Amino acid sequence: MIAIESLTRKYGGLNAVDNVSFTAEPGRVTGFLGPNGAGKSTTMRILVGLTKATEGRTTILGRSYADLPNPGREVGVLLDASAQHAGRTGREILTIAQRTMGLPSSRVAAMLEQVSLTSSEADRRVRNYSLGMRQRLGIATALIGDPQVLILDEPANGLDPAGIRWMRDLLRGYANDGGTVLLSSHLLHEIEVIADDLVVIGRGRIVASGTKASLLQQAGTTVRASSGLADLEAALRSNGFDANPVPEGGLRTSADPELVGKLALAVGVALSELRTADGAGLEDMFLELTADTQREGAVA
Amino acid sequence: MSTTAVTTRETSVPTRRVALEAAGPIRAIPLSRVVGVELRKMFDTRSGFWLMASIAITATLATVAVIVFAPDSDITYTSFAGAVGFPMSVILPVIAILAVTSEYSQRSGLTTFTLVPHRGRVITAKAIAVLTVAVFSMVLAMLIGVLGNIAGSAIAGVDTTWDSTATELLLIVLGNTLGMLVGFMLGVLIRNSAGAIVGYFVFSLVLPGLSELLAANASWYADRREWLDFNYAQGSLFGGSMTGEQWANLGVTSAVWLVLPLAIGLGTLMRSEVK
Chain R
927 MIAIESLTRK YGGLNAVDNV SFTAEPGRVT GFLGPNGAGK STTMRILVGL TKATEGRTTI
987 LGRSYADLPN PGREVGVLLD ASAQHAGRTG REILTIAQRT MGLPSSRVAA MLEQVSLTSS
1047 EADRRVRNYS LGMRQRLGIA TALIGDPQVL ILDEPANGLD PAGIRWMRDL LRGYANDGGT
1107 VLLSSHLLHE IEVIADDLVV IGRGRIVASG TKASLLQQAG TTVRASSGLA DLEAALRSNG
1167 FDANPVPEGG LRTSADPELV GKLALAVGVA LSELRTADGA GLEDMFLELT ADTQREGAVA
Chain C
19 MSTTAVTTRE TSVPTRRVAL EAAGPIRAIP LSRVVGVELR KMFDTRSGFW LMASIAITAT
79 LATVAVIVFA PDSDITYTSF AGAVGFPMSV ILPVIAILAV TSEYSQRSGL TTFTLVPHRG
139 RVITAKAIAV LTVAVFSMVL AMLIGVLGNI AGSAIAGVDT TWDSTATELL LIVLGNTLGM
199 LVGFMLGVLI RNSAGAIVGY FVFSLVLPGL SELLAANASW YADRREWLDF NYAQGSLFGG
259 SMTGEQWANL GVTSAVWLVL PLAIGLGTLM RSEVK
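From first to last, the protein sequence lines stand for chains R and C. Using our numbering, read the first sequence as starting at 927 and increasing by one per residue. Using our numbering, read the second sequence as starting at 19 and increasing by one per residue.
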């Protein structure tokens, strides 16, 4: 369980994190989503005490991070896989973590196996690692103390598709076991397949949060038909809903699927597809919510 | 017959199974463990290892140089102790600097300060590790000097001369330890490997020259130099004995040149962001 209450971090006049509050619950994967520079990493650094908050407080498992007697045993942290001494071997980096936490030395080999780093890879120096291998090593460091909470900043960066799949399964299993997972990403697709809850942040402020299902609902409905779309569009509008054409003969509307179905029946339009807008809808919503925070400016 | 206890399984989120029963309950990390880890980190990279090895290597080279080049009359323990001591005064501060700055320059501090979220404990552990290395390496260097003195006098065919007192040796240890602490201070203050090493050489090689120049040209400075110049006050430790006034000079100059900047460095280190 992670709780963040009214967190603010100022740099001069800039509010990098601006009155952010949310919780990450046990048994769930919480996706922390936002464009580059939105304040995700700053929030995570404050969570583990590397950056001081200007205002507000954060707790993990009901305690302030600094009050955890042996944090590695309770919270697994991966903030930047490249932030390791390039001259150490992967095995040595894990050994340092194992010793600091006071764990049996057998944990090092067990973790290497869990993240699929071979023995010869583990004996190489980290400067010779690919980003994907560094991410695996970082995950191993986070998991070595068998913590109840995981805090991961962009963990899928540099992983190949099989690696991303592996990471997803690992985090899913971890949350299913009752663990709390908070992971950040600037890539919506990466997060929407794994997260149960979403927190969307832009320019330091939370712009949306809730379960993925509830956010998907807000994203609306996609409906397709080979003919009669104009009638359906008119019917939706007359009932007070948005309805906008999408490519390849369809509409996106704010009405929920059941209502769209009823209206289609009423106006006699045979539908070829009817579903929540999910993927594309969530992406549109994400871009819209963070539009004024995007570096590219408003998205057309 | 009672049924087996499976009733709670579906009702709530399961608490995470603890795979680490062997590691025992979660207790605070003792400082001794942090010191052990910090010591390990000083040896576990190639550069760290060779920096440590260079203590023994340069001490041996310096000893051989005394045997080869010194006139027979100078085959005394003082010559050997002085020769093995010189490379120490360069290597030990660099070791101290890197122990602190590599956390920032190599960014490993992200993990270090997350696993031990009390920076004061980490820095204290580093200071203890650095001092341990200082004492061990100086004992090692002096032992190499002992072997050199025995071998050198045998080769030269002169009597083996033990002309250094324990006090002299202790003063040398103190002098080199102070030099190492200057390195540690610069590491804490600057938190960048290259910057702190350059800072150390400015401190130990450039400042004494400037001080010398100023003393030669300004009598007001020359009269008070021992109260102002840390290197100068520290240098008397290598002279074999210390007067009360020299101790006072050393105390005053180290407070200004070592303790004060160290306090400022620690203050900023505690509050700064680790990125």
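For glycine and all other residues, C-beta sits at the position ideal for the given N, C-alpha and C. Note that the structure is a prediction, hence the values are computed from the model and not measured.
Can a CB atom of chain C be found closer than 8 Å to the CB of R/Q1010? yes
When the Cα atoms are used, what is the spatial distance from R/E931 to R/G960? 19 Å
Spell out whether any CB of chain R is found under 8 Å from the CB atom of C/L133. yes
Using a beta-carbon distance below 8 Å, is C/A266 in contact with chain R? no
What alpha helix (DSSP H) runs, 4 residues minimum, are completely inside the stretch 939-976 of chain R? 966-973
If we cut at 8 Å on Cβ distances, does R/V946 have a partner in chain C? no
State the beta-bridge partners of R/V1075 as determined by DSSP. R/V1001, R/T1106
Among the residues of its own chain, which have a CB less than 8 Å from the CB of C/A214, if the five just before and after it don't count? I115, V118, T119, G201, L204, G205, L207, I208
Endpoints, the beta strand (DSSP E) within which R/E981 is located: 981-986
From R/T1179, R/A1145, R/P1173, R/S1056, residue whose alpha carbon lies closest to that of R/A1160: R/T1179
Delimiting residues of the beta strand (DSSP E) encompassing R/L1200: 1197-1202
Rounded to whole angstroms, what's the CA-CA distance from C/L125 to C/F248? Just pull it up for me. The sequence as given places Arg at residue 125 of chain C; Leu does not occur at that position. Answer to the nearest angstrom: the Cα atoms are 32 Å apart.
Going by beta carbon distance, what residues of the same chain come within less than 8 Å of C/V84, once the five residues before and after it are set aside? D92, I93, S97, F98, A101, G166, G170
Check the Cβ-Cβ distances between C/D62 and every residue of chain R, and say whether any is below 8 Å. yes
From the DSSP output, read off the bridge partner residues of R/R1053. DSSP output for R/R1053 lists no bridge partner at all.
Residue of R/R1050, R/R1060, R/I1077 minimising C-alpha distance to R/T949: R/I1077
Residues bridged to R/Y991 (per DSSP): Beta-bridge pairing links R/Y991 to no other residue.
Can you name, in chain order, every residue of its own chain whose Cβ lies under 6 Å from the Cβ of C/A240, other than the five neighbours on each side? A233
Opening and closing residue of the alpha helix (DSSP H) in which C/P226 lies: 225-235
How would you list, in chain order, the residues of chain C whose beta-carbon sits under 7 Å from the beta-carbon of R/K978? R289
Using the three-state DSSP reduction, which class does R/D1227 fall into: helix, strand or coil? Nothing in the structure corresponds to residue 1227 of chain R, since chain R is present only between 927 and 1226.
Name the chain R residues whose beta carbon is nearer than 8 Å to that of C/I44? P995, N996, R999, E1000
Express the C-alpha separation of C/W245 and C/M288 in angstroms, rounding to a whole number. 31 Å
Runs of beta strand (DSSP E) wholly within the stretch 1113-1185 of chain R (minimum 3 residues, chain order): 1123-1128, 1131-1137, 1147-1151, 1169-1172, 1176-1179
Proximity to C/S290 [Cα-Cα], best of C/G258, C/Q264, C/R137: C/R137
Same chain only: Cβ atoms within 6 Å of C/A281, ignoring 5 sequence neighbours per side: none
According to the Cβ coordinates, are R/S957 and R/D1123 closer than 8 Å? For the sequence presented, residue 957 of chain R should be read as Gly rather than Ser. Cβ distance < 8 Å, so R/G957 and R/D1123 count as in contact.
Classify R/R935: buried if its beta carbon has 16 or more other beta carbons within 10 angstroms, exposed otherwise. buried
is_contact[C/T26, chain R] using C-beta, thresh 8 Å: Note that C/T26 has pLDDT 35, beneath the 50 cutoff, so the model's placement of it is unreliable and the number below is only indicative. No, no contact with chain R.
Distance, Cα to Cα, C/V86 vs C/A174? 10 Å
Examine the Cβ distances between the stretch 1010-1027 of chain R and the stretch 57-68 of chain C and report whether three or more of them are shorter than 8 Å. yes
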